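Presented below is the structure to which this report refers.
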Amino acid sequence: MSDSNGDDGSSFGNDSFTETTSQSWFQRLGGAITGILVGLILLPVGGFLLFWNEGRAVQTARSLTEGAGLIQSASSERPDPALEGRLVHVAGAVSAAGVPRDPDLNVTPPAGTLRLTRRVEMYQWQEQTSSETRTRMGGGQETVTTYSYRRVWAEGRIDSSRFRQPDGHQNPEPRYQTRSFNADRVMLGGYRISDAQVNQIPAGTSLAIPGGNADGGRYIGQDPQNPRVGDLRITWQVAAPDALSVIGAQVGDGFGPYATRAGDRLFMIEAGRVPAAAMFQQAQADNVTLTWILRLVGTIVMFVGFLIIFNPLKVLADVIPFIGSIVGFGTGLLAAVLTMIFAPATIAIAWLFYRPLVGIAILALGIALAFGLTRLRRNRPAAVQGKPA
């Protein structure tokens, strides 16, 4: 069942309504039992992600180490035919045939710009939800969901057809979209830089256009102080480095990814004159960061899988809500304990598979520590007994 009430916040660009839904204990139990299948899927998914991530991290680290040992510095003046197919590091001045241009809005950046990005924000409706669930005696649940609508500046178009209450909250298609424009024939000395490679150069410098608004951009609408749904706020940013540094395979008069024996394909590009050692060091640091992020994601997926599997126990106990809360805390704790066992175990198995020497060394260290603690516990009573009164 459901009921709703409106809250007129139109003076602030907001409105909201609430919806109340109910589920019986039997409905909840059926959903929880069905959810076990989802939990049984999430567990191997999380385990696979953890196992695969260790292999990915090792492969990337080995590829970067291999590349650091093979890298050859090359002059930026012109490609050396003797280095064809080799992994090279080239740093030098960059040039282009003209500058990129936004033809839709007739915006042209200053000379030396390699990349121009257009960011388009539209004033539009956004839906936010908040829910409060109460468990009743007997195990049924009542959920009160509040749907709030407010007008915000957001990039792209929020799909208003998916709103719980789309009427009166329709978002139009924006007249312009976020886009990127590159200069023609970008050259690093005598080397050609492809469009896809130019796209890897971040455009982080704001461009102030003549006649623009306070932030240097352009406003499309009637009144910037009183925006209406559909109004656009457009800004531009540029990448205009005077030099570039590239690590990749020399392919003709340009660059391509270098296939390492470890299995990765190496290509790096950075603004400025950056030494090869610094580029490899940063890539190794990025690899470590990504490894820990994916470890966290895999662990969370595994934890959620255990929670879903144990959820029927909580639903059964929710016949008396107080008991259900206790059981829910216990199943959550059990899920956390099992996750802390299986997630590290999966990573350890992956280490044994991908890094057998390191894995065996850690395993041997763990066994030695466990044996030492056992011996210490056995010797302590003997020492206490032998102490004079």
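In terms of this note's numbering, the sequence shown opens at residue 804 and continues consecutively.
Backbone N, C-alpha and C fix where the C-beta goes; we use that ideal spot for every residue, glycine too.
As the structure is a computational prediction, the values presented were derived from the model and not from experiment.
Check                                                                                                                                                                : Outcome
Which residues in the same chain as L1137 place their Cβ atom closer than 7 Å to its Cβ, once the five residues preceding and following it in sequence are excluded? : F1113
With DSSP run on the structure shown, which of helix, strand or coil describes A1138?                                                                                : helix
By how many angstroms is the C-alpha of D883 removed from the C-alpha of G850?                                                                                       : 47 Å
Do the CB positions of A986 and T916 come within less than 8 Å of each other?                                                                                        : yes
Check I1050 in the structure and name its three-state DSSP category.                                                                                                 : strand
Determine the burial state of S827: buried for a count of at least 16 other Cβ atoms within 10 Å of its Cβ, exposed for fewer.                                       : exposed
Taking the beta strand (DSSP E) that R859 falls in, what are its first and last residues?                                                                            : Note, R859: premise wrong, no beta strand (DSSP E); alpha helix (DSSP H) at 828-873.
The beta strand (DSSP E) that contains R922, what's its start and end?                                                                                               : 918-938
Could you tell me the alpha carbon to alpha carbon distance between V1091 and F1106, rounded to whole angstroms?                                                     : 23 Å
Could you round the C-beta distance between R1158 and N856 to whole angstroms and report it? I think they count as a contact, below 8 Å.                             : That pair is no contact at about 13 Å.
Going by DSSP in three states, E822 sits in which element: helix, strand or coil?                                                                                    : strand
Within 10 angstroms of its Cβ, does A1185 collect 16 or more other Cβ (buried), or is it exposed?                                                                    : For A1185, the predicted model reports a pLDDT of 49, less than 50, meaning its position is unreliable and no value from the coordinates is stated.
Could you have a look at T1038 and say whether DSSP puts it in helix, strand or coil?                                                                                : strand
To which residues does DSSP link F984 through a beta bridge?                                                                                                         : L919
Take the Cβ of A1079 as the centre, count every other Cβ of all protein chains shown within 10 Å, and call the residue buried at 16 or more, exposed below.          : buried
Would you kindly check if the distance between the Cβ of R995 and the Cβ of D895 is under 8 Å?                                                                       : What sits at residue 895 in the sequence shown is Gly, not Asp. Result no, Cβ atoms of G895 and R995 do not sit closer than 8 Å.
Does the distance from the CB of T932 to the CB of T949 come in under 8 Å?                                                                                           : yes
Just tell me which of G1014, T1134, G1059 has its CA closest to the CA of L908.                                                                                      : G1014
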